[in-house]
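Numbering (this note's numbering), first residue to last: 10 to 214. Since the structure comes first, as structure tokens, the remarks are kept for the end.
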């Protein structure tokens, strides 16, 4: 059952990622190289790629592979946290600003709603003791921190910010940093909640 769960997860993940890439290229507002860079500038895309890699590596079960980093201790809980952040931020801050249709709607719902819920269910069913190691899980907070620094630096140089709540020229540096702080704070709370819930559930079994 677990392998079927992983197979469905990796199919959904790669379909949504590739679909979004194709749609972005077809509807690009910049040159192809810049559009590709912008594609990989979205936290949603990066996080969904890591989730898809997690499902892929778990399904293939390759022991010696550099991509096994994505199935290392704490990875599942950390990725569950960040994909939930993707979903929460989208529902609260971004859903109301556009109304996708057709394939874009399908891809959008997969990336921001279906996959976050799907990974949470997977985590609840299949997380183990190594997935709940506090130090390993919390070390993943480097990911959103590095992401934020990259976005601010690239935005300063090229003037492009992937999200309105990070757009320093429009909202100011204080508001952008405040928004990042809120997201990091919620990430930590979700991580702690998952670790506590996971350990409590394991103790009951």
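Even for Gly, the Cβ is constructed at its ideal location relative to N, Cα and C.
- Taking C-beta separations shorter than 7 Å and ignoring five residues to either side along the sequence, the partners of residue 11 in its chain run 135, following chain order.
- By the beta-carbon neighbour count (other beta carbons within 10 angstroms, threshold 16), residue 98 is buried.
- Sequence-distant partners of residue 102 (beyond 5 residues in either direction) whose C-beta falls short of 7 Å from its own C-beta, in its chain, are 174.
- Of all C-beta pairs linking the stretch 58-73 to the stretch 29-44, fewer than three are shorter than 8 Å, placing the two stretches out of contact.
- Annotation for residue 49: no residue places its beta carbon closer than 6 Å to its own, counting only its chain and skipping 5 residues before and after.
- With respect to the C-alpha of residue 67, the residue from 85, 124, 54 and 55 having the closest C-alpha is 85.
- Annotated three-state conformation of residue 142 is coil, per DSSP.
- Per DSSP, residue 122 lies in no alpha helix (DSSP H) and is assigned neither H nor E.
- Using a 10 angstroms sphere on the CB of residue 188, the tally of other CB atoms reaches 16 or more, which defines it as buried.
- Proximity to residue 92 across 32, 206, 69 and 122 peaks at 122, based on C-alpha coordinates.
- Within the model, the alpha-carbon separation for residue 38 versus residue 31 is close to 13 Å.
- Judged by DSSP in its simplified three-state form, residue 105 adopts helix.
- Contact annotation, residue 171 with residue 51: C-beta distance approximately 5 Å; criterion of less than 8 Å satisfied.
- By the neighbour-count criterion, in which a residue is buried when 16 or more other Cβ atoms sit within 10 angstroms of its Cβ, residue 90 is buried.
- Proximity to residue 47 across 192, 164 and 96 peaks at 164, based on C-alpha coordinates.
- Straight-line spacing of the CA atoms in residue 185 and residue 161 works out to 9 Å.
- Exposed is the label assigned to residue 154, since fewer than 16 other Cβ atoms lie within 10 Å of its Cβ.
- Just so you know, the alpha carbons of residue 53 and residue 143 end up roughly 24 Å apart.
- If you draw a straight line from the Cα of residue 194 to the Cα of residue 94, it is about 11 Å long.
- Distances from the CA of residue 133 to each of 210, 124, 24 and 26 were compared; the closest alpha carbon is that of 210.
- Sequence-distant partners of residue 19 (beyond 5 residues in either direction) whose C-beta falls short of 7 Å from its own C-beta, in its chain, are 61, 64, 65 and 68.
- A straight line joining the alpha-carbon of residue 26 with that of residue 105 spans about 22 Å.
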